[in-house]
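Numbering (our numbering), first residue to last: 1246 to 1523. Below is one structure; the comments refer to it alone.
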Ligand SMILES: Nc1ncnc2c1ncn2[C@@H]1O[C@H](COP(=O)(O)OP(=O)(O)O)[C@@H](O)[C@H]1O
Ligand SMILES: [Mg+2]
């Protein structure tokens, strides 16, 4: 039976900062709640420092919330090693930096083998291999046998990010937290990677938290947009509503920093046209 909702309930994260004898508290995430359903993409949009990665890290249990809960199908799972492992078989992350997120000493096969074995300990060596090759094919790194034996430095940034996506799928995860997954890639290959993520999501009915500061792709790829400002969600709603009819001053500022609002419709058509040509 697979889980169908990932919920953040009243998430708060304070960091205690020390400089010399002074300490201060930084309220990085203030009181954030949302639910991601299977098959849906929720975009989390905000400028640098607004708390996006802190939310992502809490969702991955890489960071303990100061308060609040993270629930899968309404169940909280705790922070013990075993609980975290079980949780991560359902919720996986794609990090921003495709160069830092893979181990330079290991082959691509090794990166996939580990999560497959961890979460499917009963598979034979041949079955693990078969599953790893299947994953490489799904992220369109073919011929899969050839990519399996390469090391990260032999791959481009876009190819590495495809490996990161394959690795996220390896344990059979139902939810993907993608923290600015294409912001470090060449502009020309960004849409290809996002489109792949969207295809996999449809095929597997995955829930996705898409973290970005790019409003055009947030609108194109998401069902819902949440706008984060200094640790608070200041606006949320169906993607088109938030972009076309922003209610909050900060959303308007973000839209102002992006191409003109009236151009976002056009931009999205360009996204579509570009995707059609891929
Ligand atoms: N481990 C940490 N210790 C102290 N401050 C942190 C830590 N991680 C993040 N912060 C601070 O929390 C705020 C939010 O950071 P972050 O979640 O990385 O934002 P974003 O991903 O939106 O750029 C920033 O002011 C950042 O400096
Ligand atoms: Mg970040």
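Just so you know, even glycine gets a beta-carbon here, dropped at the ideal spot from N, CA and C.
Original post:
For residue 1298, does the count of other Cβ atoms within 10 angstroms reach 16, so buried, or fall short, so exposed?
Top reply: buried
**OP:** Using a threshold of 8 Å, state whether the C-beta atoms of residue 1280 and residue 1467 are closer than that.
**Re:** With respect to the 8 Å criterion, residue 1280 and residue 1467 are not classified as neighbours on the basis of their beta carbons.
Subject >> From 1339, 1306, 1311, residue whose alpha carbon lies closest to that of residue 1326 >> reply: Answer by Cα proximity: 1306.
**OP:** Measure the Cβ-Cβ separation of residue 1425 and residue 1457 and say whether it is below 8 Å.
**Re:** yes
**OP:** Return the chain-ordered list of same chain residues with a C-beta closer than 7 Å to the C-beta of residue 1366, the five sequence neighbours on each side being excluded.
**Re:** none
**OP:** Would you list the residues whose beta-carbon is nearer than 5 Å to any heavy atom of ligand 1, in the order they occur in the chain?
**Re:** 1260, 1273, 1293, 1294, 1295, 1296, 1297, 1298, 1299
Original post:
Hey, would you say residue 1377 sits closer than 8 Å to residue 1354, going by beta carbons?
Top reply: yes
Original post:
Quick one: is the Cβ of residue 1425 within less than 7 Å of any heavy atom of ligand 2?
Top reply: yes
Original post:
From this set, 1274, 1257, 1256, which residue's C-alpha is nearest residue 1475's C-alpha?
Top reply: Residue 1475 has its Cα closest to that of 1274, out of 1274, 1257, 1256.
Original post:
Taking the continuous alpha helix (DSSP H) assigned at residue 1253, which residues delimit it?
Top reply: Per DSSP, residue 1253 is not a residue of any alpha helix (DSSP H); the beta strand (DSSP E) it occupies stretches across 1250-1264.
**OP:** Examine the Cβ distances between the stretch 1306-1319 and the stretch 1389-1407 and report whether three or more of them are shorter than 8 Å.
**Re:** By the C-beta criterion, the stretch 1306-1319 is judged not to be in contact with the stretch 1389-1407, since fewer than 3 inter-stretch pairs fall below 8 Å.
Original post:
Using the rule of at least 16 other Cβ atoms within 10 Å of the residue's Cβ for burial, across every protein chain shown, is residue 1324 buried or exposed?
Top reply: exposed
**OP:** Report the partner residues of residue 1272 according to the DSSP bridge assignment.
**Re:** Per the DSSP secondary-structure output, residue 1272 pairs in a beta bridge with 1259.
Original post:
Taking the alpha-carbon positions, what's the residue 1336 to residue 1296 distance?
Top reply: 19 Å
**OP:** Determine, using beta-carbon pairs with one atom in the stretch 1425-1440 and one in the stretch 1263-1277, whether at least three such pairs fall under 8 Å.
**Re:** no
**OP:** Give me the Cα-Cα distance between residue 1448 and residue 1257, rounded to the nearest whole angstrom.
**Re:** 33 Å
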